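Here's the structure we're looking at; comments come further down.
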Amino acid sequence: MAGGNALGVIRSLIGKLERDKPLVGRALSEAVAQIKAAADARSVELAEIMRRDLLEAERLDLTELHEAPPLGRLHVITQTQQRLEDVFCAMGYTVAEGPEIETEWHNFGALNFPPGHPARDMYDTLYVDHGPPGSTLLRTHTSPVQVRVMENQSPPLYVVAPGRCYRQDTADATHMPVFHQIEGLVVDDGITLGDLAGAIETFTTAYFGPGFTSRLRPSYFPFTEPSAEFDVQRPDGTWLELGGCGVVHPSVLEVCGVDPERWSGFAFGFGIDRLAMLRYGIGDLRDLWTNDVRFLEQF
Ligand code: DAH
Numbered sequence: 188m189a190g191g192n193a194l195g196v197i198r199s200l201i202g203k204l205e206r207d208k209p210l211v212g213r214a215l216s217e218a219v220a221q222i223k224a225a226a227d228a229r230s231v232e233l234a235e236i237m238r239r240d241l242l243e244a245e246r247l248d249l250t251e252l253h254e255a256p257p258l259g260r261l262h263v264i265t266q267t268q269q270r271l272e273d274v275f276c277a278m279g280y281t282v283a284e285g286p287e288i289e290t291e292w293h294n295f296g297a298l299n300f301p302p303g304h305p306a307r308d309m310y311d312t313l314y315v316d317h318g319p320p321g322s323t324l325l326r327t328h329t330s331p332v333q334v335r336v337m338e339n340q341s342p343p344l345y346v347v348a349p350g351r352c353y354r355q356d357t358a359d360a361t362h363m364p365v366f367h368q369i370e371g372l373v374v375d376d377g378i379t380l381g382d383l384a385g386a387i388e389t390f391t392t393a394y395f396g397p398g399f400t401s402r403l404r405p406s407y408f409p410f411t412e413p414s415a416e417f418d419v420q421r422p423d424g425t426w427l428e429l430g431g432c433g434v435v436h437p438s439v440l441e442v443c444g445v446d447p448e449r450w451s452g453f454a455f456g457f458g459i460d461r462l463a464m465l466r467y468g469i470g471d472l473r474d475l476w477t478n479d480v481r482f483l484e485q486f
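Following the working numbering, the numbering of the sequence shown begins with 188 at its first residue and continues without gaps.
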């Protein structure tokens, strides 16, 4: 029996009552009102439930990755280079850069290596097919940045220049045809070999730690006079050969536009890759280039 119809039947039955007709009529009206209110409240609830179910069913999962993506990091050579820059900046040096493709003049000529000079044989130079044959090359060391700094700035100069260098070399555990050096150049009033030794010693303790010390050994480079190799002594007493250095040759100052009667300077240069190998206990230089994440993520 339909609701509307049932109500009609009850109402006509009430009409036939002999007594309490108004009372029963009112009670019926109240019951109807209560049922209606309950039904209204429930339909509000149901509408809300339906809305929630619909939203849940239509939800889009935009989180494709459920784990945070792995974080990258700087290459161990970059980290080493930045640390060296930090140490030298703290000592008052600024950082300079030069091109990796160099002129023969900047890499050799201005540094007092005349054409055919035997010291050129130390460098297995890679020449670039550009300009007259032999005029352009991949820099074999960072020393040409010394020349560029002196050509473009006036003393006093306190500069380091880190960067890539190239030599014709077969890759093995300790050699790579591409490697990194950092060069230092100081030009100021009355600079002597003593200032060089002091700077190397300050760097040694700042970079390696208080238990380390340094020494200079006589050597030869065409662009410094006197020239030296510098070594670092570890706390266990063993020595580590680090690089070359010396008092800048007056002819080098002169060709770079610095008056050797007025100014003097010192320079040094050493390999960054070997430093990183020692610091992190890396056994094979080639691992620095294969870009195997399992190797690189250790540093
Ligand atoms: N350029 C030299 C090399 O690669 C290293 C060097 C020696 C740099 C003496 C210097 C220096 O600045 O004074 O073998």
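Think of the CB as a built atom: it goes at the ideal place given N, C-alpha and C, for glycine as much as any other residue. Nothing here was measured: the structure is a model prediction, and the numbers come from that model.
With contacts defined by Cβ atoms closer than 7 Å, F390 and L298 do not form a contacting pair.
Just so you know, the alpha carbons of A415 and T379 end up roughly 13 Å apart. A distance below 7 Å separates the beta carbons of Q368 and G456. Within a 10 Å sphere around the beta-carbon of N339 sit fewer than 16 other beta-carbons, which makes this residue exposed. Cβ-Cβ separation between H293 and R335: approximately 6 Å, consistent with a contact (criterion under 8 Å). Judged by their CB atoms, V332 and A348 are nearer to each other than the 7 Å cut-off. Taking C-beta atoms under 8 Å as the contact rule, G430 and F417 qualify, at a distance of about 6 Å. Y310 sits in coil when the DSSP states are folded into three classes, being neither helix nor strand. Of the residues assessed, I236 falls on the exposed side of the cut-off, its CB having fewer than 16 other CB atoms within 10 angstroms. Counting C-beta atoms within 10 angstroms of its own C-beta, V419 has 16 or more neighbours from the protein chains shown and is therefore classed as buried. Its Cα nearest to that of I288, the residue T312 stands out among G433, T312, H362. Counting only residues of its own chain and dropping the five nearest sequence neighbours on each side, W426 has a CB closer than 6 Å to the CB of D418, Q420. DSSP places W292 in the helix class (H, G or I) of the three-state scheme. Within the model, the alpha-carbon separation for C352 versus T329 is close to 7 Å. Taking C-beta atoms as the reference points, D471 and A386 fail to come closer than 7 Å.
Counting the other CB atoms within 10 Å of its CB gives C443 a total of 16 or more, which places it among the buried residues.
Boundaries for Q355: no beta strand (DSSP E) harbours it, and the DSSP string shows neither H nor E there.
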